[in-house]
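Everything below concerns the one structure shown next.
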Amino acid sequence: MREMYPKNGRVILHVDMNCFFASVEIAHDSSLQGKPLAVAGNEKERKGIIITCSYEAREYGIRTTMPLWEAKRLCPQLVVRRPNFTLYRKASFQMFQILSRFTEKIQPVSIDEGYLDITDCYALGSPLEIAKMIQQALLTELQLPCSIGIAPNLFLAKTASDMKKPLGITVLRKRDIPELIWPLPVGAMHGIGEKTAEKLNDIHIQTIEQLAKGDEHIIRAKIGKHGVDLQRRAKGMDDREVDPSQMGQHKSVGNSTTFSKDMDEEKELLDMLERLSKSVSKRLQKRTLVSYNIQIMIKYHDRRTVTRSKQLKNAIWEERDIFQAASRLWKQHWDGDSVRLLGVTATEIEWKTESVKQLDLFSYEEDAKKEPLLAVIDQINDKYGTPLLQRGSQLLRKQEKSFQQKLENKFM
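Each residue of the sequence shown is one higher than the one before, counting from 0 in numbering that gives the first Met the number 0.
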């Protein structure tokens, strides 16, 4: 099959799962098959928006980010499931395990998509045959549909996978670009968001062809080096390689919440910041990860968004340390105005066993002593759903809060 592969170029696959969250729910519960299904937040709160939906639901005009009440108006028989991220992460892990049977050159892009470099896989069959084998394996073993793009580089492979959904396989060559890609509006191009499209429109670039043939100096002046990269991709050029080092790695671990009403009480906001820190800590520890940078996001009632981060000298993973860093950022940057959304994110992630934590002997021994106990506390609380056991630092904070509340009740 070597003759089916280029002598000098590459063969890249982009595997993109179709309606991933909804498909996982259907695979987990076969009674949902063929029904209009949506995965959505809480209907009674502002979080009640569609995260994803099945193709049956899309036939009614239901789309991602649509309010749930509107989706139910369009389709009264819509079946709604709350998101189950534990289930989705498990399915994602199984998906990448299947992909790794074909090549070690895999680069995850998100929970439900990734690139494969199959340039040296000619012994397995032609690129089209390999794509069909991957698609069939995911469908047979996991009951999960996917679309696959086949192309000479990452950009074209990603573009190709979007062309036929669900269960599509598309081959996109450089010679196809003028006919298939150039007539499209520039905003339809992968890597171009709404703001970038507006900037390009400002310099009279409306289509991908106009981007490909535009003046490089004008494009660079308007949107910088990124604009030049986009122009090269519009011409079908993309030198990026599939990076296997990203397999299994995490760029960030974060949690955020949108309040059902504007919030301006600092105590309540700090309580939420603490809960978010706990959630981030649990996810880090579950994956044996540590963080060297903590970031908070504050979105105000008027849609102003402030994102601030703190670089850390040592790696952290415990709730108390994450909350301490997050609360310091909060006190430095909250302007006292009403808040609609609050988020905490751990970035600069490393595996715990690989992290270089500068500890003296005493602190190292203290960490080592605490870890088994902290794990048991989390296991018991997870099992019974309520915090039956708490750490001393948590109890102390609660006592301080209780005392503060009593003072407020008495004198305010």
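C-beta atoms are modelled at their ideal positions from N, C-alpha and C, and glycine is treated no differently.
Residue range of the beta strand (DSSP E) that includes residue i
{"i": "Phe258", "result": "251-262"}
{"i": "Arg80", "result": "78-80"}
{"i": "Ser326", "result": "Counting along the chain, Ser326 falls outside any beta strand (DSSP E), though it belongs to the alpha helix (DSSP H) covering 318-332."}
{"i": "Arg307", "result": "304-315"}
{"i": "Ile295", "result": "288-299"}
{"i": "Asp201", "result": "It is not in any beta strand (DSSP E) - Asp201 instead sits in the alpha helix (DSSP H) that spans 193-201."}
{"i": "Ile110", "result": "Segment: none, Ile110 is in no beta strand (DSSP E) and carries neither H nor E."}
{"i": "Thr169", "result": "168-170"}
{"i": "Thr424", "result": "With the chain covering only 0 through 411, there is no way to say anything about residue 424."}
{"i": "Ala150", "result": "145-150"}
{"i": "Ala39", "result": "36-39"}
{"i": "Leu12", "result": "11-16"}
Nearest-angstrom Cα separation, counted from residue j out to residue i
{"i": "Ser276", "j": "Asn83", "result": "20 angstroms"}
{"i": "Tyr363", "j": "Arg286", "result": "Legend: pLDDT at Tyr363 = 37, less than 50; position of this residue unreliable, no value from coordinates given."}
{"i": "Asp242", "j": "Tyr54", "result": "32 angstroms"}
{"i": "Glu240", "j": "Ile117", "result": "12 angstroms"}
{"i": "Asn200", "j": "Val305", "result": "28 angstroms"}
{"i": "Ile207", "j": "Leu183", "result": "6 angstroms"}
{"i": "Leu283", "j": "Glu112", "result": "22 angstroms"}
{"i": "Thr102", "j": "Met188", "result": "28 angstroms"}
{"i": "Cys18", "j": "Lys234", "result": "30 angstroms"}
{"i": "Arg81", "j": "Val38", "result": "6 angstroms"}
{"i": "Arg327", "j": "Leu123", "result": "55 angstroms"}
{"i": "Ile217", "j": "Phe258", "result": "43 angstroms"}
{"i": "Thr169", "j": "Ala150", "result": "9 angstroms"}
{"i": "Ser251", "j": "Gly33", "result": "35 angstroms"}
{"i": "Ala314", "j": "Thr256", "result": "25 angstroms"}
{"i": "Asp336", "j": "Ile110", "result": "35 angstroms"}
{"i": "Glu265", "j": "Ile49", "result": "30 angstroms"}
{"i": "Asn41", "j": "Thr51", "result": "14 angstroms"}
{"i": "Met16", "j": "Glu58", "result": "19 angstroms"}
{"i": "Val185", "j": "Arg302", "result": "27 angstroms"}
{"i": "Glu318", "j": "Lys312", "result": "17 angstroms"}
{"i": "Arg219", "j": "Ile202", "result": "11 angstroms"}
{"i": "Cys74", "j": "Leu166", "result": "25 angstroms"}
{"i": "Arg1", "j": "Asn152", "result": "19 angstroms"}
{"i": "Gln205", "j": "Lys163", "result": "24 angstroms"}
{"i": "Pro35", "j": "Gln310", "result": "46 angstroms"}
{"i": "Leu138", "j": "Arg100", "result": "15 angstroms"}
{"i": "Gln93", "j": "Trp181", "result": "37 angstroms"}
{"i": "Glu269", "j": "Gln134", "result": "In the sequence under discussion, the amino acid at residue 269 is Leu, which differs from the Glu named in the question. Approximately 47 angstroms between the Cα atoms of the pair."}
Range covered by the alpha helix (DSSP H) that runs through residue i
{"i": "Leu153", "result": "153-160"}
{"i": "Lys212", "result": "207-212"}
{"i": "Gly226", "result": "224-233"}
{"i": "His27", "result": "19-27"}
{"i": "Glu2", "result": "Per DSSP, Glu2 belongs to no alpha helix (DSSP H) and is neither H nor E."}
{"i": "Leu137", "result": "126-141"}
{"i": "Met271", "result": "265-285"}
{"i": "Lys89", "result": "84-98"}
{"i": "Glu69", "result": "67-73"}
Best match in the options for proximity to residue i [C-alpha to C-alpha]
{"i": "Trp316", "options": "Arg72, Val279, Leu36", "result": "Val279"}
{"i": "Ile293", "options": "Phe92, Glu267, Ala324, Leu269", "result": "Ala324"}
{"i": "Asn254", "options": "Ile295, Glu193, Gly226, Arg88", "result": "Ile295"}
{"i": "His300", "options": "Ala90, Pro75, Asp334, Pro5", "result": "Asp334"}
{"i": "Ser290", "options": "Glu347, Ala56, Ile168, Ala156", "result": "Glu347"}
{"i": "Arg307", "options": "Lys281, Ala314, Lys330", "result": "Lys330"}
{"i": "Met236", "options": "Tyr121, Val170, Phe154", "result": "Phe154"}
{"i": "Glu273", "options": "Ser251, Asp320, Asp261, Lys312", "result": "Asp320"}
{"i": "Phe322", "options": "Ala345, Ser337, Lys312", "result": "Ala345"}
{"i": "Arg172", "options": "Pro5, Pro35, Ile217", "result": "Pro5"}
{"i": "Cys120", "options": "Gln32, Ser22, Leu98", "result": "Leu98"}
{"i": "Val78", "options": "Ala90, Ala56, Ile48", "result": "Ala56"}
{"i": "Gly190", "options": "His203, Arg232, Gln205, Ala159", "result": "Arg232"}
{"i": "Asp261", "options": "Ile180, Val338, Gly186, Val185", "result": "Val338"}
{"i": "Lys238", "options": "Ala156, Asn313, Lys281", "result": "The amino acid occupying residue 238 in the given sequence is Asp; Lys does not appear at that position. Residue Ala156 is the option with its Cα nearest to Asp238."}
{"i": "Ser160", "options": "Gln135, Tyr114, Glu265", "result": "Tyr114"}
{"i": "Gln96", "options": "Asn152, Ala136, Tyr59, Pro75", "result": "Ala136"}
{"i": "Ser91", "options": "Ser30, Leu36, Pro35, Ser22", "result": "Ser22"}
{"i": "Gln76", "options": "Arg100, Gly47, Leu31, Gln93", "result": "Leu31"}
Nearest-angstrom beta carbon gap, residue j and residue i [assumed within contact, 8 angstroms]
{"i": "Lys298", "j": "Leu340", "result": "4 angstroms"}
{"i": "Ile147", "j": "Val343", "result": "About 36 angstroms separates the two Cβ atoms, so there is no contact after all."}
{"i": "Ser125", "j": "Met3", "result": "4 angstroms"}
{"i": "Glu349", "j": "Leu288", "result": "7 angstroms"}
Interface flag, residue i vs chain D, CB-CB below 8 angstroms
{"i": "Lys6", "result": "The structure shown has no chain D; it contains just one protein chain."}
message: Does the structure place the region 6-14 close enough to the region 126-139 that three or more beta carbon pairs sit under 8 angstroms?
response: Yes, the region 126-139 touches the region 6-14.
field: Given 8 angstroms, three or more beta-carbon pairs between the region 163-183 and the region 192-211
entry: A contact exists between the region 163-183 and the region 192-211.
query: Touching or not, the region 141-160 and the region 25-35, by the rule of three or more beta carbon pairs under 8 angstroms?
result: Touching, per the Cβ criterion.
message: I want to know whether the region 62-70 touches the region 93-113 - three or more CB-CB distances under 8 angstroms.
response: Cβ pair count under 8 angstroms is below three, so no.
- prompt: Looking at C-beta atoms only, is the number of pairs between the region 181-199 and the region 221-228 that lie closer than 8 angstroms three or more?
  reply: These segments touch.
task: Give a yes or no on contact between the region 84-99 and the region 67-74, applying the rule of three or more CB pairs nearer than 8 angstroms.
output: Taking 8 angstroms as the limit for Cβ pairs, the verdict is that the region 67-74 does not touch the region 84-99.
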